[in-house]
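Trainee: For the record, the sequence lines run as chains E and L.
Take 1 as the starting number for the first sequence in the numbering used here and just add one per residue.
Take 1 as the starting number for the second sequence in the numbering used here and just add one per residue.
There are 2 protein chains.
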Amino acid sequence: MTAPGAARHTRRPTLEEVAARAGVGRGTASRVVNGSPTVSAHSRAAVEAAVEELGYVPNGSARALAAGSTDSIALVVPESETRLFAEPYFSGTVSGVATALADTEKQLLLTLLRTPKERERFARYVRARRIDGVLLVSMHAGDPLPELLQQYEMPTVLGGRRSADEQVPYVDCDNPGGAEAAVAHLLARGRRRIATVTGSLDLYAAQCRLEGYRAALRHGDHPADPRLVAQGDFTEEGGRRAMGELLERCPQLDAVFCASDLMASGARLALREAGRRVPDDVALVGFDDSAVARHLDPPLTSVRQPVELMGREMTGLLLDQIAGRTGESEARRRLLPTELVPRGSS
Amino acid sequence: MTAPGAARHTRRPTLEEVAARAGVGRGTASRVVNGSPTVSAHSRAAVEAAVEELGYVPNGSARALAAGSTDSIALVVPESETRLFAEPYFSGTVSGVATALADTEKQLLLTLLRTPKERERFARYVRARRIDGVLLVSMHAGDPLPELLQQYEMPTVLGGRRSADEQVPYVDCDNPGGAEAAVAHLLARGRRRIATVTGSLDLYAAQCRLEGYRAALRHGDHPADPRLVAQGDFTEEGGRRAMGELLERCPQLDAVFCASDLMASGARLALREAGRRVPDDVALVGFDDSAVARHLDPPLTSVRQPVELMGREMTGLLLDQIAGRTGESEARRRLLPTELVPRGSS
DNA sequence: ATCACGCCTGGGAGCGCTCCCAGTGCCCAC
DNA sequence: GTGGGCACTGGGAGCGCTCCCAGGCGTGAT
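(1) Anyone know if the C-beta pair for residue 64(L) and residue 200(E) falls short of 9 Å?
(2) Cutting at 6 Å between CB atoms, please list the residues of its own chain near residue 110(E), excluding the five before and the five after it.
(3) Between residue 186(L) and residue 285(L), how many whole angstroms is the CB-CB distance? I'm expecting something under 8 Å.
(4) Got a sec: is the Cβ-Cβ distance from residue 52(L) to anything in chain E below 9 Å?
(5) Tell me which residues share the same chain as residue 163(L) and place their Cβ nearer than 6 Å to its Cβ, disregarding the 5 neighbours each side in the sequence.
(6) DSSP three-state label for residue 345(L), please.
(7) Please decide whether residue 301(L) counts as near chain E, where near means a Cβ-Cβ distance under 9 Å.
(8) Measuring only the C-alpha atoms, how far is residue 378(E) from residue 296(L)?
(9) Can you pull the chain L residues whose beta carbon is under 7 Å from the beta carbon of residue 129(E), in chain order?
(10) Measuring only the C-alpha atoms, how far is residue 135(L) from residue 263(L)?
(11) Which runs of the beta strand (DSSP E), 3 residues or longer, sit entirely within the region 207-247 of chain E?
(12) What's the call for residue 45(L), buried or exposed, on a 16-neighbour Cβ count within 10 Å?
(13) Using a cut-off of 8 Å between C-beta atoms, extract the partners of residue 89(E) located in chain L.
(14) Grab the span of the beta strand (DSSP E) containing residue 286(E) for me, first residue to last.
(15) Determine, for residue 76(E), whether the minimum Cβ-Cβ distance to residues of chain L falls below 9 Å.
(16) Kindly list the residues whose CB is nearer than 7 Å to the CB of residue 310(E), restricted to its own chain and excluding five residues on each side of it in sequence; keep chain order.
(17) By the criterion of Cβ-Cβ separation under 8 Å, what are the contact partners of residue 102(L) in chain E?
(18) Residues in the same chain with beta-carbon distance under 8 Å from residue 3(E), minus the five sequence neighbours each way, listed in chain order, please.
(19) Rounding to the nearest angstrom, what Cα-Cα distance links residue 122(L) and residue 100(E) in this structure?
(20) Compare the Cα-Cα distances from residue 91(E) to each of 289(E), 256(E) and 191(E) and report the closest residue.
(21) Name the chain E residues that come within less than 8 Å of residue 98(L), Cβ to Cβ?
(22) Please report the distance separating the alpha-carbon of residue 149(L) from that of residue 315(E).
(23) Leaving out the 5 sequence neighbours to the left and right, which residues in its chain are closer than 8 Å to residue 312(E) when beta-carbon positions are compared?
(24) Less than 9 Å separating the beta-carbons of residue 422(L) and residue 224(L)?
(25) Ignore the nearest five residues each way along the sequence and tell me which others in residue 106(L)'s own chain have a CB closer than 8 Å to its CB.
(26) So which of 332(E), 246(E), 260(E) and 259(E) has the shortest CA-CA distance to residue 270(E)?
(27) Suppose contacts are defined by Cβ-Cβ distances below 9 Å. Is residue 145(L) in contact with residue 113(L) by that definition?
(28) For chain L, find out if any of its Cβ atoms is closer than 9 Å to the Cβ of residue 94(E); answer yes or no.
(29) Enumerate, from N- to C-terminal direction, the unbroken alpha helix (DSSP H) stretches of 4 or more residues contained entirely within the region 66-117 of chain E.
(30) Do residue 287(L) and residue 259(L) count as a contact pair if the criterion is CB distance below 9 Å?
(31) List the residues of chain E that residue 109(L) touches, going by C-beta distances under 9 Å, in chain order.
(32) Check whether the Cβ atoms of residue 59(L) and residue 14(L) lie closer than 9 Å to each other.
(33) Counting only the same chain and skipping the five closest in sequence on each side, list residues whose C-beta sits under 6 Å from that of residue 118(L).
(34) Where residue 17(L) and residue 33(L) are concerned, what is the direct C-alpha to C-alpha distance, given to the nearest angstrom?
(35) Which ranges would you report for the alpha helix (DSSP H) in the region 173-197 of chain L if only whole runs of at least 4 residues count?
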């Protein structure tokens with residue numbers, strides 16, 4: 001955080017003034033400030049000195065207007081901030097994005113869309129070209145925002161698809177594979193009556209995890225019993241309630257795969273209330289590998305998503321798009337692997 | 001989220017084009033768009049129709065350049081995103097700020113400052129006048145950022161003071177009072193050997209809560225025993241470790257006031273490991289009244305901060321500052337009350 | 001000497017808005 | 001009939017930058 005000594009003007013200096021002081025033209029000054037190579041060493045030094053003495057910082061609005069780019073991108077979360085802050089997925093993504101942006105001049109804006117009013121305002125913000133690109137995270141199946149952004153010709157990357165044939169560039173992780181690995185792991189441990197608590201099924205990720213659960217059973221030549229499937233909503237309370245239903249419907253179940261750690265934590269509560277021991281009576285597996293998983297008693301086996309990496313990849317795709325480096329469609333979507341982390345709960 | 005039908009141009013329309021279509025001058029068109037009252041009903045209608053037909057949205061950069069304001073404010077968190085997301089304080093603040101901004105045209109930018117590099121970039125962003133004001137949350141005692149922003153003449157409001165004689169406008173809550181109420185409550189319940197786990201003492205809030213603890217003991221004519229004070233760091237693990245120290249130093253303690261719920265949760269773990277029952281053997285009180293408090297077993301008595309309200313107040317002060325409505329110094333700082341929420345742990 | 005070519009350079013022409021001033025037209029009072 | 005006031009309007013002059021074109025000046029080939 002540098003605070004140039006000479007910067008105590010009320011009016012901030014303009015490029016013109018820098019140029020005058022350096023004894024060069026405005027064009028040359030601009031070239032130096034923007035690192036153009038076609039400037040003589042002499043002029044460059046003079047301008048750099050003037051910039052330093054005057055404490056010059058280019059005016060962002062003017063630059064944006066003239067050049068047509070704002071040097072900022074938005075990370076948009078169409079959720080109440082409660083969920084945002086509860087889930088490790090978001091924090092990891094933010095971290096990855098910030099890391100990828102670290103050696104750019106681009107600024108990250110984190111925007112919550114909680115109400116229709118906020119959505120509308122954001123739409124206006126986009127149309128007013130206040131940002132260069134948008135990262136959309138955790139979009140629900142029918143959400144029209146991505147298409148709206150495309151219509152406005154705003155570069156966009158999704159974190160998580162909305163459906164199998166997502167048209168907008170995206171980064172996603174192998175949800176079915178992760179879920180399948182988790183359930184296969186339970187089968188390998190000799191569990192036979194394996195239940196699942198799903199997430200809100202209007203999220204494609206939740207559907208995929210359910211699909212992975214079913215695939216594992218299929219591949220293990222195991223009958224799928226619809227009574228062993230209960231719907232949660234990615235909250236702890238939802239997990240608890242769903243687990244309660246499962247215990248009522250199928251008291252003899254011996255394992256549960258939950259589509260998120262938070263729900264697994266809720267399920268753990270319900271199991272405790274019902275007097276079931278984990279993992280002795282019932283094995284438990286979650287998804288996300290969040291802090292919750294490590295803090296549970298016993299520690300929760302979980303499926304790790306490479307959230308940080310996803311954030312970085314999303315940023316990469318977006319920067320490509322902004323720069324016009326839009327390769328073939330292959331390069332506009334990315335699928336990252338998940339990994340099972342076995343712990344005491346299974 | 002409106003998507004005007006006629007908006008399918010590649011080039012977005014300018015004010016000039018709107019004016020031409022409406023058959024008025026640029027000035028009149030601008031007046032209508034900005035809601036100036038001195039426009040005839042006829043012109044207004046014509047311009048509004050043209051805006052609708054063309055799908056006109058004013059260009060933010062041009063507006064910012066001409067008018068000198070960007071219609072966006074930043075909420076800055078100088079912490080790793082891990083802490084940001086773990087603490088209810090932040091989520092409440094974000095919510096309050098967003099609410100206060102809801103019927104403004106201002107956009108909220110959430111910015112993390114994790115590294116010196118990011119701080120520098122943010123400083124440049126501020127100097128480039130990309131935002132109209134800054135909300136700073138959770139600043140450590142010696143942090144120079146607020147002074148830097150003042151030097152850049154950027155309107156600023158702090159969420160939480162850095163010291164007793166904070167010069168920058170701020171909103172804070174009554175930390176000493178809350179802590180004192182918590183400890184007085186423990187005394188009233190007949191506890192006699194009351195320990196405390198403090199937060200990182202480079203945060204003024206942590207010092208205040210410790211001060212409140214001491215004041216309560218003083219007012220209760222109770223000796224203060226330095227062995228009953230252990231330093232934590234606002235994390236769960238820190239709370240656990242501090243509690244361990246306390247149990248070792250003073251096995252006979254019968255109550256603990258923790259400066260945050262997260263630390264109380266860690267303390268709970270340490271107590272359980274040591275075979276102490278809550279509240280029978282040791283009463284436990286936290287601070288924040290977060291979700292953690294309600295989920296603990298038994299539910300945690302805690303001190304509620306009006307976080308949402310704090311966010312709203314901060315925003316109010318900032319908007320006043322931006323609009324130049326800076327009243328006397330009284331109006332530039334605000335202290336909000338805390339409230340004890342008794343639950344099963346005490 | 002002449003010309004062509006490269007390297008640098010200055011500054012005009014915008015970018016799309018807001019601000020403001022000088023009108024224009026109209027109505028009412030004298 | 002004249003003057004003053006009011007309601008509304010058009011468009012010039014910027015805001016501070018980037019883009020780009022025309023030109024100056026040296027160098028080497030002809």
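For each residue, glycine too, the CB sits at the ideal point set by N, CA and C.
Nothing here was measured: the structure is a model prediction, and the numbers come from that model.
Mentor: The short version:
(1) Counting from one through the second sequence, the residue named residue 64(L) turns up at place 64. Counting from one through the first sequence, the residue named residue 200(E) turns up at place 200. Their beta carbons are not under 9 Å apart, which means residue 64(L) does not touch residue 200(E) by this criterion.
(2) In the first sequence, the residue the question calls residue 110(E) occupies position 110. If we look at residue 110(E) and ignore the five residues flanking it on each side, its Cβ neighbours are 75.
(3) For the purposes of this step, residue 186(L) is taken as residue 186 along the second sequence, with counting starting at 1. For the purposes of this step, residue 285(L) is taken as residue 285 along the second sequence, with counting starting at 1. 6 Å between Cβ atoms; contact.
(4) Counted from its first residue, the second sequence places residue 52(L) at position 52. Not an interface residue.
(5) As a working mapping, residue 163(L) is identified with position 163 in the second sequence. 204.
(6) In the second sequence, the residue the question calls residue 345(L) occupies position 345. Three-state result, residue 345(L): coil.
(7) Start at 1 with the first residue of the second sequence, and residue 301(L) comes out as number 301. Taking Cβ atoms only, chain E never reaches closer than 9 Å to residue 301(L), which makes this a no.
(8) Any question about residue 378(E) goes unanswered here, given that chain E covers just 1 to 346.
(9) By one-based count along the first sequence, residue 129(E) stands at place 129. The answer, in chain order, is 59, 60 and 61.
(10) Here residue 135(L) refers to the residue found at position 135 when the second sequence is read from its first residue. Here residue 263(L) refers to the residue found at position 263 when the second sequence is read from its first residue. Distance between the alpha carbons of residue 135(L) and residue 263(L) is about 26 Å.
(11) 229-231
(12) By 1-based counting over the second sequence, the position of residue 45(L) is 45. Counting Cβ neighbours within 10 Å, residue 45(L) comes out exposed, since fewer than 16 surround it.
(13) For the purposes of this step, residue 89(E) is identified with residue 89 of the first sequence, where counting begins at 1. Within chain L, no residue comes near residue 89(E); the closest Cβ sits about 10 Å away, beyond 8 Å.
(14) In the first sequence, counting from the first residue as 1, residue 286(E) sits at position 286. That run of the beta strand (DSSP E) goes 283-288.
(15) As a working note, residue 76(E) is residue 76 in the first sequence. Closer than 9 Å: no.
(16) Numbered from 1 along the first sequence, position 310 holds the residue referred to as residue 310(E). Excluding positions up to five away in sequence, the list reads 93, 96, 159, 171, 173 and 336.
(17) To locate residue 102(L), count along the second sequence from 1; it is residue 102. Result: 115, 117 and 118.
(18) The sequence position of residue 3(E) within the first sequence is 3, counting from 1. Its pLDDT being 41, under 50, residue 3(E) is placed unreliably in this model, and the coordinates cannot settle the point.
(19) As a first step, residue 122(L) is located in the second sequence; it is residue number 122 there, counting from the start. As a first step, residue 100(E) is located in the first sequence; it is residue number 100 there, counting from the start. Straight-line Cα distance between these residues: approximately 16 Å.
(20) Position 91 of the first sequence, counted from the start, is the residue given in the question as residue 91(E). Out of 289(E), 256(E) and 191(E), 289(E) has the C-alpha closest to the C-alpha of residue 91(E).
(21) Numbered from its first residue, the second sequence carries residue 98(L) at position 98. Correct list: 81, 112, 114 and 118.
(22) Position 149 of the second sequence holds residue 149(L). Position 315 of the first sequence holds residue 315(E). If you take the alpha carbons of residue 149(L) and residue 315(E), they lie about 29 Å apart.
(23) The count along the first sequence starts at 1 and reaches residue 312(E) at position 312. The residues are 96, 97, 99 and 100.
(24) The structure shown does not extend to residue 422(L), since chain L is modelled only from 1 through 346, so no value can be given for it.
(25) Position 106 of the second sequence holds residue 106(L). The residues are 71, 72, 73, 132 and 319.
(26) Translated into positions along the first sequence, residue 270(E) becomes position 270. Among 332(E), 246(E), 260(E) and 259(E), the Cα nearest to that of residue 270(E) is on 246(E).
(27) Here residue 145(L) refers to the residue found at position 145 of the second sequence. Here residue 113(L) refers to the residue found at position 113 of the second sequence. Going by C-beta atoms, residue 145(L) is nearer than 9 Å to residue 113(L).
(28) Numbered from its first residue, the first sequence carries residue 94(E) at position 94. Yes, its Cβ sits closer than 9 Å to a Cβ of chain L.
(29) 81-86 and 88-101
(30) Counted from its first residue, the second sequence places residue 259(L) at position 259. Counted from its first residue, the second sequence places residue 287(L) at position 287. Residue 259(L) places its beta carbon less than 9 Å from that of residue 287(L).
(31) By 1-based counting over the second sequence, the position of residue 109(L) is 109. Per Cβ cutoff of 9 Å: 72, 74, 107, 108, 109, 110 and 111.
(32) The count along the second sequence starts at 1 and reaches residue 59(L) at position 59. The count along the second sequence starts at 1 and reaches residue 14(L) at position 14. Yes; because the gap between Cβ atoms is below 9 Å, this pair is in contact.
(33) Taking the second sequence and counting its residues from 1, the one referred to as residue 118(L) is at position 118. Shown here for residue 118(L): not one same chain residue has a beta carbon closer than 6 Å to its own, the five before and five after excluded.
(34) Position 17 of the second sequence, counted from the first residue, corresponds to residue 17(L). Position 33 of the second sequence, counted from the first residue, corresponds to residue 33(L). Whole-angstrom Cα-Cα distance: 13 Å.
(35) 175-188
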